[in-house]
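Right, one structure below, let's go through it.
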Ligand SMILES: Cc1ncc(COP(=O)(O)O)c(C=O)c1O
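Residue numbers (my numbering): 3 to 373.
The structure is reproduced here in structure tokens:
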């Protein structure tokens, strides 16, 4: 028999519970703002999500997999890891899966960073980094981006000390958009001691111009301290299912498997990820990536014609480095039907989404300049 909660009971006090002191200095993760429910039609382009729903074959695979959801998933995710291993030319045991690449990044911190040891990353970058590092006991060393909103690899190399255990490179960088070239990363790696792990977070890789995209496979082969982070949340449109992975060298892959939450990748998430790797699905996804790239070029060209000078983005988003005016710009857009992501008084990010939203972004950005 279910018991009814005693609504008159006084809540038990919890002031005496001891929490880790680190939590006091941890920034809160600010998710993309949801659209307000006030009758104004709005596009939510604040979370770099795909404007497309999962493709049919992928949705069907996830739905079919739900029939077995009373069972735990295959903890080893053998089929998916074998497929991914094949894609990356590595053993299946070198693929570490979890509930999104954000979780895998957390696993990486727990696997290599001890209490008080340092993690170097660019800032501003993905806002989960300081939280993942700090909550696992590490110390974040934030290296400011250059004037052009790019990683300052010179300064990042100089920030590495005896206490550094991990470097996070985000390319294309969220939220600003510029990416790193193979040569830049190769030069950087030559300056990093080989006991320091360098994670290359390529959540937006598929949106990059294929002609100049980072040669990650070669970098991985040449450097035993490089780990690749990938997600199914962006191009594959599985953000709501939560699945991402790392490609790691055997020692690190084993370490990741030691610290990860067991059964992280759920039954439908594994099935959907596997289905999205089938050739027909890959082809459809490649077309979507191409469409996003052409929309990004169209938006950036239209904004440049209005006089905007924005960083050259290779992600599915564009960044307005508006400084103090950032909150006002986000409000201006919100009132006109677009929910953007403002980063304090630094800048505002807008996701490239459905064509109507992109058209509206151009219109709003133009109206802002003429106000
Ligand atoms: C740079 C970067 N890395 C990782 C992620 C996390 O992706 P996932 O949904 O797989 O956790 C995001 C999501 O926004 C991101 O921007």
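Ideal Cβ placement from N, Cα and C applies to all residues, glycine included. Given the structure is predicted, the values throughout are model-derived calculations rather than measurements.
With 16 or more neighbouring CB atoms inside 10 Å of its own CB, residue 298 falls in the buried class. Under DSSP, the beta-bridge partners assigned to residue 146 are 125. Below 8 angstroms, enough C-beta pairs join the region 189-198 and the region 155-172 to call them touching: three or more.
Rounded to the nearest whole angstrom, the CA to CA distance from residue 306 to residue 348 is 20 angstroms. Distance from residue 174 to residue 138 at the Cβ level is roughly 25 angstroms; contact not present, criterion being Cβ atoms closer than 8 angstroms.
One residue list follows from the rule of a beta carbon closer than 6 angstroms to any heavy atom of ligand 1, given in chain order as 50, 102, 103, 104, 128, 172, 176, 203, 205, 233, 235, 241, 246. By the neighbour-count definition (other C-beta atoms within 10 Å, threshold 16), residue 66 is an exposed residue. Closest in C-alpha terms to residue 57, from the list 291, 286, 316, comes 286.
For residue 31, the number of other beta carbons within 10 angstroms of its own is below 16, and it is reported as exposed. Within the same chain, Cβ atoms closer than 8 angstroms to the Cβ of residue 109 are found at 98, 100, 248, 258, 261, 262, the five residues on either side in sequence being excluded.
Between residue 279 and the set 61, 132, 154, 187, the nearest pair of CA atoms involves 61. Straight-line measurement puts the Cα of residue 251 at about 14 angstroms from the Cα of residue 106.
Check the Cα spacing between residue 47 and each of 208, 335, 324: the tightest is with 335.
Between residue 199 and residue 223, the gap from beta carbon to beta carbon reaches 9 angstroms or more. Cβ neighbours of residue 59 within its own chain (closer than 6 angstroms, five residues either side excluded): 277, 283.
The C-beta of residue 23 has fewer than 16 other C-beta atoms within 10 Å across all chains shown, which makes the residue exposed. Within a 10 Å sphere around the beta-carbon of residue 204 sit 16 or more other beta-carbons, which makes this residue buried. Note that the region 267-275 touches the region 77-86; at least 3 beta-carbon pairs, one per stretch, sit closer than 8 angstroms.
Judged by their CB atoms, residue 234 and residue 170 are not nearer to each other than the 9 angstroms cut-off. Under the criterion of beta carbons closer than 8 angstroms, residue 350 and residue 35 do not qualify as touching, at roughly 11 angstroms.
In this structure, 316 is the residue among 292, 85, 316 with its C-alpha nearest to the C-alpha of residue 207. The shortest CA-to-CA distance from residue 41 to any of 53, 136, 339, 372 is the one to 339. Here residue 265 carries a coil assignment [DSSP, helix/strand/coil]. Residue environment for residue 323: buried (at least 16 other C-beta atoms within 10 angstroms of its C-beta).
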